[in-house]
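Presented below is the structure to which this report refers.
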Amino acid sequence: MPDSNSSSLLIVGSVGIDDVKTPLGEVNGVLGGAASYASTAASFFTPVQMVAVVGDDFPREHIDFFRSRNIDLAGLQQVPGPTFRWSGFYDFDVNQAHSLDTQLGVFQDFRPELPDHYRDADFVLLANIDPTLQLQVLDQIRNPRLVMCDTMNFWIESKRDELIKVLGRVNVAVINDGEARQLCGTFSLVKAAQQIREMGPEFVIIKKGEHGAVMFGPGLHFSAPSYPLEEVRDPTGAGDSFAGGFMGYVAHTQDPSDNNLRRAVIYGSVMASFDVEDFSQNRMKSLTPQEVAARYRAFKQIAHFEAMEELSLLERLSGE
Ligand code: AMP
């Protein structure tokens, strides 16, 4: 799908190795990381420039996979030391990841130094990683048109002040429902979205796992369903695939208007729905642009309804 008119999308975030257990299986030592999932999803729409670090133990096959997706790896450093590792599990509530262990490894001392050709990026995705690092990346970009950030409970708990600084500098924030409630100390997602918007971003997207996603903006409330899958094998990376699909589409169209952001929410939902069909990035390896297009059309069908002005009924309901 990417064509010569697409703008590059710069993505920073974790790249690592995961151990994951779900009710439908278990995998160990597989490709994981927020930037991995986001970059692969975005690469269906636009050229991607990745910023991350891996250790000398990072398998060559994953680098080859990123290359096969045409992801620019000039900003992916490989240094001595252990790669980022995460292990977690899901119970039957697939919306809730339970982290067992997070080893930052070489991310601990990572100081990103962007290659010069990355610094003119128009579109930037600060995928999940230490907010201090998200800020260091943002400081090096000259004049971005649209910046989106993601985060998770780990950083809300350990780097809250830095996270709030990031939120003050982005146009769109994406966060899952539980984390929005945790960040804002309220049960109401409407209030949480409002509070987050007051911290900086014009648009806030709250992901609700198998219940879809809601985007809040100036005078705007857009709700997208999730795709009705019979089986979710591994929810890991759904949020990152959503963010990658969303920003990949925006960069491809170079159009950050409200109407286009609504379409981007649907493309994000499409990519998330494919991601969860299999473990790690296995589904993405066989996914074709035709399948992406077909599922986008299916979403249109799922969300569409014919609003008939049944006047007599409306009058009766409003007591006129
Ligand atoms: P998601 O399921 O979209 O929330 O993201 C899953 C990915 O996030 C996994 O592949 C992990 O490697 C990665 N991850 C887990 N914890 C962290 C963390 N504290 N910072 C950055 N990435 C993380």
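Mapped onto the working numbering, the consecutive letters of the sequence shown carry residue numbers 3 to 322.
The C-beta atom is built at its ideal place from N, Cα and C for all residues, glycine as well.
Contact between the segment 28-46 and the segment 242-259: three or more CB pairs below 8 angstroms? By the criterion of at least three beta-carbon pairs nearer than 8 angstroms, the segment 28-46 is in contact with the segment 242-259.
Could you tell me the alpha carbon to alpha carbon distance between residue 67 and residue 193, rounded to whole angstroms? As a working note, residue 67 is residue 65 in the sequence shown. As a working note, residue 193 is residue 191 in the sequence shown. Their Cα atoms are separated by approximately 41 angstroms.
Pair every Cβ in the segment 101-121 with every Cβ in the segment 11-31, then say whether three or more of these pairs are closer than 8 angstroms. Touching, per the Cβ criterion.
Residue 140 vs residue 162 beta-carbon contact at 8 angstroms: The residue labelled residue 140 in the question sits at position 138 within the sequence shown. The residue labelled residue 162 in the question sits at position 160 within the sequence shown. Against a cut-off of 8 angstroms, the Cβ pair of residue 162 and residue 140 comes out as no contact.
Give the straight-line distance between the Cα atoms of residue 91 and residue 99, rounded to the nearest whole angstrom. To locate residue 91, count along the sequence shown from 1; it is residue 89. To locate residue 99, count along the sequence shown from 1; it is residue 97. Taking the CA atoms as reference points, residue 91 sits about 6 angstroms from residue 99.
Evaluate residue 215 with the Cβ neighbour count: other Cβ atoms within 10 Å of its Cβ, from every protein chain shown; 16 or more gives buried, anything less gives exposed. As a position in the sequence shown, residue 215 is number 213, starting the count at 1. Taking a 10 Å sphere around the C-beta of residue 215, we find 16 or more other C-beta atoms and assign the residue as buried.
Quick one: grab the DSSP three-state call for residue 123. If you number the sequence shown from 1, residue 123 lands on position 121. Here residue 123 sits in coil by DSSP.
Could you check if residue 214 belongs to the surroundings of the ligand AMP, using beta carbon to heavy atom distance under 7 angstroms? Translated into positions along the sequence shown, residue 214 becomes position 212. For residue 214, the CB stays at least 7 angstroms from every heavy atom of the ligand AMP.
Among the candidates 258, 129, 111, whose CA atom is the shortest distance from the CA of residue 34? Taking the first residue of the sequence shown as position 1, residue 34 is located at position 32. Answer by Cα proximity: 129.
Select from 80, 196, 199 the residue whose C-alpha is nearest the C-alpha of residue 114. The residue given as residue 114 occupies position 112 in the sequence shown. Checking every option, the nearest Cα to that of residue 114 belongs to 80.
Helix, strand or coil, according to DSSP, for residue 176 in the structure here? What you label residue 176 is simply residue 174 of the sequence shown in a count that begins at 1. Three-state DSSP puts residue 176 in a strand.
Run the proximity test for residue 211: is its beta-carbon closer than 7 angstroms to any non-hydrogen atom belonging to the ligand AMP? Mapped onto the sequence shown, residue 211 falls at position 209. The answer is no for residue 211.
I'd like to know whether the C-beta of residue 168 is nearer than 8 angstroms to at least one C-beta of chain B. Here chain B cannot be found, since the structure has a single protein chain.
In chain order, what residues of the same chain lie with their CB nearer than 6 angstroms to the CB of residue 274, ignoring the 5 residues before and after it? Mapped onto the sequence shown, residue 274 falls at position 272. Taken in chain order, the residues that qualify are 240, 243, 244.
Which residues in the same chain have their Cβ closer than 7 angstroms to the Cβ of residue 255, if we skip the five residues on either side of it in sequence? On the sequence shown, position 253 is the one that residue 255 refers to. Only residues of its own chain outside the window of five on either side were considered, and among them 262 have a CB closer than 7 angstroms to the CB of residue 255, listed in chain order.
Heavy atom of the ligand AMP within 7 angstroms of residue 34 beta-carbon: The residue labelled residue 34 in the question sits at position 32 within the sequence shown. Residue 34 Cβ: within cutoff of the ligand AMP.
Beta-carbon proximity of residue 104 to residue 253, cut-off 8 angstroms: Numbered from its first residue, the sequence shown carries residue 104 at position 102. Numbered from its first residue, the sequence shown carries residue 253 at position 251. The Cβ atoms of residue 104 and residue 253 lie no closer than 8 angstroms to each other.
Specify the secondary structure class of residue 169 as computed by DSSP and reduced to three states. As a first step, residue 169 is located in the sequence shown; it is residue number 167 there, counting from the start. The DSSP-derived three-state label of residue 169 is helix.
Among the candidates 218, 298, 56, whose CA atom is the shortest distance from the CA of residue 84? In the sequence shown, counting from the first residue as 1, residue 84 sits at position 82. Taking the Cα of residue 84 as reference, the smallest distance to any Cα among 218, 298, 56 is reached at 56.
Using the three-state DSSP reduction, which class does residue 2 fall into: helix, strand or coil? Outside the displayed span of the chain (3 to 322) sits residue 2, for which this structure offers no information.
Comparing alpha-carbon positions, which option in 295, 299, 185, 181 lies nearest residue 97? Locating residue 97 in the sequence shown gives position 95, counting from the first residue. By alpha-carbon distance to residue 97, the top candidate from 295, 299, 185, 181 is 181.
With 16 other CB atoms within 10 Å as the buried threshold, where does residue 178 fall? Start at 1 with the first residue of the sequence shown, and residue 178 comes out as number 176. With 16 or more Cβ atoms within 10 Å of its Cβ, residue 178 is classed as buried.
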